[in-house]
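Sequences listed follow chains A, B, C, D, E and F, in order. Under our numbering, the first sequence has 16 at position 16, and the numbering climbs by one with no breaks. Under our numbering, the second sequence has 395 at position 166, and the numbering climbs by one with no breaks. Under our numbering, the third sequence has 515 at position 57, and the numbering climbs by one with no breaks. Under our numbering, the fourth sequence has 775 at position 88, and the numbering climbs by one with no breaks. Under our numbering, the fifth sequence has 1078 at position 162, and the numbering climbs by one with no breaks. Under our numbering, the sixth sequence has 1199 at position 54, and the numbering climbs by one with no breaks.
Number of protein chains: 6
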Amino acid sequence: MSMNNLGIVKRNIARTDRAAVEQLSRYGVATIHEAMGRVGLLKPYMRPIYAGAQLCGTAVTVLLHPGDNWMMHVAAELLREGDVVVVACSADCEDGFFGELLATSFRARGGRGLVIDGGVRDVKDLTAMQFPVFSRAISAKGTIKATLGSVNIPVVCAGALVNPGDVVVADDDGVVVVPLAIAQQVADAAAARENNEAAKRKRLAAGELGLDMYGMRETLATAGLKYVD
Amino acid sequence: MSMNNLGIVKRNIARTDRAAVEQLSRYGVATIHEAMGRVGLLKPYMRPIYAGAQLCGTAVTVLLHPGDNWMMHVAAELLREGDVVVVACSADCEDGFFGELLATSFRARGGRGLVIDGGVRDVKDLTAMQFPVFSRAISAKGTIKATLGSVNIPVVCAGALVNPGDVVVADDDGVVVVPLAIAQQVADAAAARENNEAAKRKRLAAGELGLDMYGMRETLATAGLKYVD
Amino acid sequence: MSMNNLGIVKRNIARTDRAAVEQLSRYGVATIHEAMGRVGLLKPYMRPIYAGAQLCGTAVTVLLHPGDNWMMHVAAELLREGDVVVVACSADCEDGFFGELLATSFRARGGRGLVIDGGVRDVKDLTAMQFPVFSRAISAKGTIKATLGSVNIPVVCAGALVNPGDVVVADDDGVVVVPLAIAQQVADAAAARENNEAAKRKRLAAGELGLDMYGMRETLATAGLKYVD
Amino acid sequence: MSMNNLGIVKRNIARTDRAAVEQLSRYGVATIHEAMGRVGLLKPYMRPIYAGAQLCGTAVTVLLHPGDNWMMHVAAELLREGDVVVVACSADCEDGFFGELLATSFRARGGRGLVIDGGVRDVKDLTAMQFPVFSRAISAKGTIKATLGSVNIPVVCAGALVNPGDVVVADDDGVVVVPLAIAQQVADAAAARENNEAAKRKRLAAGELGLDMYGMRETLATAGLKYVD
Amino acid sequence: MSMNNLGIVKRNIARTDRAAVEQLSRYGVATIHEAMGRVGLLKPYMRPIYAGAQLCGTAVTVLLHPGDNWMMHVAAELLREGDVVVVACSADCEDGFFGELLATSFRARGGRGLVIDGGVRDVKDLTAMQFPVFSRAISAKGTIKATLGSVNIPVVCAGALVNPGDVVVADDDGVVVVPLAIAQQVADAAAARENNEAAKRKRLAAGELGLDMYGMRETLATAGLKYVD
Amino acid sequence: MSMNNLGIVKRNIARTDRAAVEQLSRYGVATIHEAMGRVGLLKPYMRPIYAGAQLCGTAVTVLLHPGDNWMMHVAAELLREGDVVVVACSADCEDGFFGELLATSFRARGGRGLVIDGGVRDVKDLTAMQFPVFSRAISAKGTIKATLGSVNIPVVCAGALVNPGDVVVADDDGVVVVPLAIAQQVADAAAARENNEAAKRKRLAAGELGLDMYGMRETLATAGLKYVD
């Protein structure tokens, strides 16, 4: 985020270890967000372009300018198997920066999906391809290729800081970024949380109350809760 | 809505008669809203979390504070077969107050769905469970359990006043609340309206114009409508 | 858009030639928008009421006032096979101006769908009918029939000027209007564009980079793009 | 909020005692909201039309329909010295329902200001008159006088329930409603709070820390706060 | 709005007669909008950048692309005494397209102000200059000069069609466009309306009710209004 | 932004050199944003709470949770002369986190203003104190003091990354953050830019066209601009 960050492409980035990514892919965004201590969530305006879309992979980051998707093509060359392209824009813009031609190219180069703080188009084709995309908007308006942005620099996407190589996980609940340095730790915490929830789910399904299961009755009384008839 | 309303739980509430609820469940939200004289609609930002979700039941109301879902567990204990939980928040908040564990608990206690002027999460699981939820947002961000709210007090949810025991009906068109006192009357008016529409539908499908069927031509001319070529 | 435009109904309008409409119906909104030089798109808040909705037809335009859908019935009489009703409102209003009864009437008179800068209702029924609607909102709140608007005058709908007889095309990506005078020209440009894209798609799917296919490497270098390790 | 509420005008309403209103007028909205236990606030989209506008008075409530301000004139007749007109609309509408002619009439009849969940116009004139208005929008678009609404029924205005005769207080921070039944109690609580704050203000201005003044250091340590260098 | 509209600059345009513009400048936007039959208003999100800003002049229209203000400089050359620059953008963009340098240039060439469906910056300087600007946003983010737009073509600005030479009037209530062809007629209607209002204002200020002055009592009774105690 | 970031307070931070801050305080946000290469701007929804507010200082950062302002008091102790408090929230929340008591405390400890991606209250008092605040909302709704956040960690505020010690500059045009490492460099670039603009302003005021001053005529012709009559 310095004066020298425009027009920079970083070729080699450290990526989160594949085993940690694989493990994270088993959990939902809500579980991971909890496991990480409730940080790393992108703004909730980021929505899947089709119901049921989900992705998990290592971030290749792109900084675009409004109305210009030139750097998407530069990013395509740097993709490796298991990457997710994460796109920020230097100002709010809902143009359709991405469509099925780029999706075809990204997939051919190993890309597993797209997270973009902007608009996309060709929703029908992308749905048919089952290429998962999480965006702030859908717009048929295309973009030009005239202004330099950057690839693989730290970006702020939908309010969250994403560094190249971080893990990005997205599903119907939203998008969360897990920093490379703590990915394995978060994956383990998510696993523990999930195991814990399975037991709770069974008890709740049997009609046991959260009030009893979590032992809340006394705390509520202490806090002053009054039951009236 | 008084100074004494925080930290209050009303155990016993009058619920709309089951037969009236059952009858109302046969009609869509738009029909009921018309039948009631065009009042009782929640703001249109309330949307189903999956296409086709619908619910009809008696309201158990909850007042939460931003970022805190403690009272949801208190409400679970008070649910009876056929209830719908209606949640208002003391300030706008799009956090995910509700997920599949609470849905499991609500369903086990007789709950038929949720209407919440806030966010929810676990959309994939809730869709698989076919647990109908109407909310203002979807967010993976969870909540804490630290602040007292209230249960079964009158609440203003998405702009509409909901009293405990009122009927809440929701479908793809939105959410409407029918006050207990007029539920049977509204159900009857909806039935009359529906019968009337079936006949109209047949005539319109045959190509008859609303201009003729509703006898509008003269009124339009009187109002000054001019046809030009 | 003059002082005399309220309460006017134009009976006979020139419609775009059927062959051009038919040809345009083969292309997506994004393709047509590009083929036309990136003009004519409605604001991206216009969304289909069900996933996969699409339409292409000649515009019958309607200008309504907030909370009043009287002119919809006047428009029904003027529909011909292949028309799409395009509705503007004199002020922002998200009421449900349209539902399945009007859809039944429109379809019986040859109407192929609706584009409305306002709200609609009966979404479940409209989806079952597969009657394509693109709107700014969904609302169960109905409207009255008391104020004169106009039919078949030029309207500004969701930010775009639509003249009666223009072609309107809509799909998951949005809505675009193609002026009658250039419809055939745009259809031909869209065809050329589509052919061109098929070849590109094949090359990109095989892993060729856009950087090479579009010959961007030199331009990027000239613009100052720097690769770092 | 029943089926019988449209077209009703209640002539005689109980108003909050003048002394309590007078006492409440000395405090800001934030202080009153705190004193009341953090309920009764209208949504924060309600803003003054000029900086520094403020009002405090007893509510005369009006329910309008989109695009129609007929009931405003009915309300004018019912105003008494010290009243504030509170307007809700049966659906979201940003039309300019109110301007300087109505303000002139309201003032002549004792009205002290307007709170409206809709739009207003003549902002320049209203500012010159120093007639305080809190609204959700400003719009030059006028309204008609054709549809019955109601006067002096309970309304939900910007998310808050307002009963006729309640006290409405508004300033640069927003709008709060104080129910008639607790107005004196809230006024007293506000006075206590204000006295308490004056002492605190002096200590903070002298450089004392809230950490010490409120005794927070131990609680923070218990909660796990860690200081690092 | 055709395929040939990009990159076009129309040098000579017909402007509304100066006398009509002068006459229109005496009335507020709300009055003119009423006088014109309630058409021609731009969306209410268009706001003055400082309280009290107002303008009235003949439109020189500009179509920009997101993030690019190149055509502003082309427009500057075409300004004549009494012109107002009206800017539309091919897609929603809140960048700061305009600042005090351009304002200095516009004023030096005869420009009286700016109406822009986009963002502006240098608000402090523009306020000091008392250069009236009505915009949808304020943003410090600048723009580039790289893409051709057009000057003096018909544009849709904030939802309204503006033709070069039309009169644009703006004040605290919003922005209205008066087509050249009816400018004198509208000015006369506004004068009539204003005279009429002065008399009404005096009667209302004396405490006479609109109910009596407009003779509404009988109509209200006929419509079914019920007074209760 | 790691798992260890909650409940952390960093006591000693490196602050941008006072001379550089002083120099930056002479320039507007738009100028600094340009001088820095068009990065570092907060989202344009961040607005001053009174017209003409401006600030320039070194950032003390705070991460809050919705509805809880506890950490503000922790931050107060760490303020030094010339600091600006920059507040991010872990989820969107428009509550009034800040008012005149905290402003009194901040000022007494050397604080020069507040930038907060949330709401504030006591606007009238803050205006009287001329304590500059830039926020996303104004709300009378207060907050509690119950949840740990952090102080002086990197935060994402209104879409921009802010590190403790960075320079924050705000005026009517918005808010920009200048990283510590490049503050002097940006200040120098801003000075150069300002000098350059003074000369341009004089020429434009004399009626010279940007077309000539910037030598754009040839580029425009090459790009294909067509003048018609």
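From the three backbone atoms N, C-alpha and C, an ideal C-beta is built for every residue, glycine too.
{"Query": "Reduced DSSP secondary structure (H/G/I, E/B, other) of M688/D", "Result": "With a pLDDT of only 39 at M688/D, under 50, the local geometry of the prediction cannot be trusted, and the value read off the model is given with reservation. Coil, per DSSP."}
{"Query": "Cross-strand partners of L971/E (DSSP beta bridge)", "Result": "A1086/E"}
{"Query": "Interface partners of D926/D on chain C, CB under 8 Å", "Result": "The displayed coordinates of chain D run from 688 to 916. Any statement about residue 926/D would go beyond what the structure contains."}
{"Query": "Three-state secondary structure assigned by DSSP to A389/B", "Result": "strand"}
{"Query": "Per-residue DSSP class, three states only, for A824/D", "Result": "strand"}
{"Query": "Residues that P1193/F bridges to, as DSSP identifies them", "Result": "F1279/F"}
{"Query": "Given 8 Å, three or more beta-carbon pairs between the segment 346-357 of chain B and the segment 1260-1268 of chain F", "Result": "no"}
{"Query": "Any non-hydrogen atom of the ligand GTP within 7 Å of D1228/F CB", "Result": "The ligand GTP is not part of the structure shown, which contains no ligands of any sort."}
{"Query": "Local conformation of N928/E per DSSP, three classes", "Result": "coil"}
{"Query": "Cβ-Cβ distance between M46/A and A140/A below 8 Å", "Result": "no"}
{"Query": "Integer Cβ distance of I382/B from D297/B, believed to fall under 8 Å", "Result": "Going by Cβ atoms, the distance from I382/B to D297/B rounds to 16 Å, so no, they are not a contact pair."}
{"Query": "CA-to-CA distance, Y914/D to G37/A, given in whole angstroms", "Result": "19 Å"}
{"Query": "Option nearest I345/B by Cα separation, candidates E329/B, T290/B, V315/B", "Result": "V315/B"}
{"Query": "A1343/F beta carbon less than 8 Å from that of V1301/F", "Result": "no"}
{"Query": "Contacts of P982/E in chain A (Cβ-Cβ under 8 Å)", "Result": "P66, G67, C93, D95"}
{"Query": "Touch test, the segment 97-110 of chain A against the segment 177-187 of chain A, Cβ-Cβ under 8 Å, three pairs minimum", "Result": "no"}
{"Query": "One or two residues paired with G577/C in a DSSP bridge", "Result": "G554/C, A595/C"}
{"Query": "Start-to-end residues for the beta strand (DSSP E) that takes in A1233/F", "Result": "1228-1234"}
{"Query": "Backbone CA spacing between T1272/F and L6/A [nearest angstrom]", "Result": "39 Å"}
{"Query": "Burial state of Y1359/F, where buried means 16 or more other Cβ atoms lie within 10 Å", "Result": "exposed"}
{"Query": "Reference A1336/F; option with closest CA among D1162/F, R1171/F, K1347/F", "Result": "R1171/F"}
{"Query": "Test item: CB-CB of G968/E and V1094/E under 8 Å", "Result": "no"}
{"Query": "The segment 169-185 of chain A: positions lying closer than 9 Å to chain F by Cβ", "Result": "V177, P179, A181, I182, Q185"}
{"Query": "Nearest candidate by alpha-carbon position, reference A561/C, set L606/C, A628/C, A664/C, M530/C", "Result": "M530/C"}
{"Query": "Same chain, Cβ closer than 7 Å to T260/B, neighbours up to 5 away in sequence not counted", "Result": "A419, R422, E423"}
{"Query": "Cβ shell of Q512/C (< 7 Å), same chain only, five flanking positions each side left out", "Result": "P590, A628, D629"}
{"Query": "N883/D burial status per 10 Å Cβ neighbour count (16 or more: buried)", "Result": "exposed"}
{"Query": "Assumed close pair G342/B, E323/B - CB separation to whole angstroms, cut-off 8 Å", "Result": "Their Cβ separation, rounded to whole angstroms, is 20 Å, which puts G342/B and E323/B out of contact at 8 Å."}
{"Query": "Same chain, Cβ closer than 6 Å to G99/A, neighbours up to 5 away in sequence not counted", "Result": "R121, D122"}
{"Query": "Between the CA atoms of V1091/E and P960/E - distance to the nearest angstrom", "Result": "8 Å"}
{"Query": "Neighbourhood of A478/C by C-beta, 6 Å cutoff - its chain only, sequence neighbours within 5 removed", "Result": "A641, Q642, A645"}
{"Query": "Interface flag, K226/A vs chain C, CB-CB below 8 Å", "Result": "no"}
{"Query": "Alpha-carbon spacing of N392/B relative to D229/A, whole angstroms", "Result": "15 Å"}
{"Query": "Beta-carbon proximity list for M919/E, same chain, < 8 Å, skipping 5 on both sides", "Result": "Unreliable placement is indicated for M919/E, whose pLDDT of 47 sits below 50; the coordinate value is still reported in the next sentence. Cβ within range, chain order: n/a, list empty."}
{"Query": "CB contact below 8 Å: L922/E versus chain C", "Result": "yes"}
{"Query": "Assigned secondary structure, D188/A (DSSP; H/G/I helix, E/B strand, else coil)", "Result": "helix"}
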